[in-house]
Amino acid sequence: MGIMSVRELNANLSKALARAEAGEVIEITKNGKPFVELRAKSKNRMDDPTFRAARDKLLEGLRKGIPGLTGPATYEERTKR
Numbered sequence: 050m051g052i053m054s055v056r057e058l059n060a061n062l063s064k065a066l067a068r069a070e071a072g073e074v075i076e077i078t079k080n081g082k083p084f085v086e087l088r089a090k091s092k093n094r095m096d097d098p099t100f101r102a103a104r105d106k107l108l109e110g111l112r113k114g115i116p117g118l119t120g121p122a123t124y125e126e127r128t129k130r
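Shown next, in the form of structure tokens:
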């Protein structure tokens, strides 16, 4: 993590943005006290094939339901006459 004052950020904005884009988190200080973090925006998780595969597997399991569970599942369904 890098640390910059507001004055340094104003003087070196392009460099700070390049560092943040490269993955560095830059803490911005005002009067010596940190008050803002500059970081690159996180990627869309749906673009990650590992995340997408895990999500699809979870959704398929939810669609199939619990094996062996048949009949009414809720209290209302079981006590309905």
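Each residue of the sequence shown is one higher than the last, beginning at 50 in the working numbering.
Just so it is clear, CB atoms sit at the ideal spot from N, CA and C, and this is done for glycine as well.
Run the CB neighbour count on residue i, radius 10 Å, all protein chains shown included, and call it buried at 16 or more, exposed below.
i, result
"methionine 95", "exposed"
"isoleucine 115", "exposed"
Inspect the beta-carbon positions of residue i and residue j and report whether they are closer than 8 Å.
i, j, result
"leucine 58", "isoleucine 77", "yes"
"methionine 53", "alanine 71", "no"
"lysine 82", "valine 55", "no"
Would DSSP call residue i helix, strand or coil?
i, result
"glycine 51", "strand"
"lysine 129", "coil"
"asparagine 61", "coil"
"glycine 114", "coil"
Which residue or residues does DSSP assign as beta-bridge partners of residue i?
i, result
"isoleucine 75", "Gly51 and Leu87"
"lysine 82", "Lys79"
Rounded to a whole number of angstroms, what is the C-alpha to C-alpha distance between residue i and residue j?
i, j, result
"glycine 51", "lysine 90", "17 Å"
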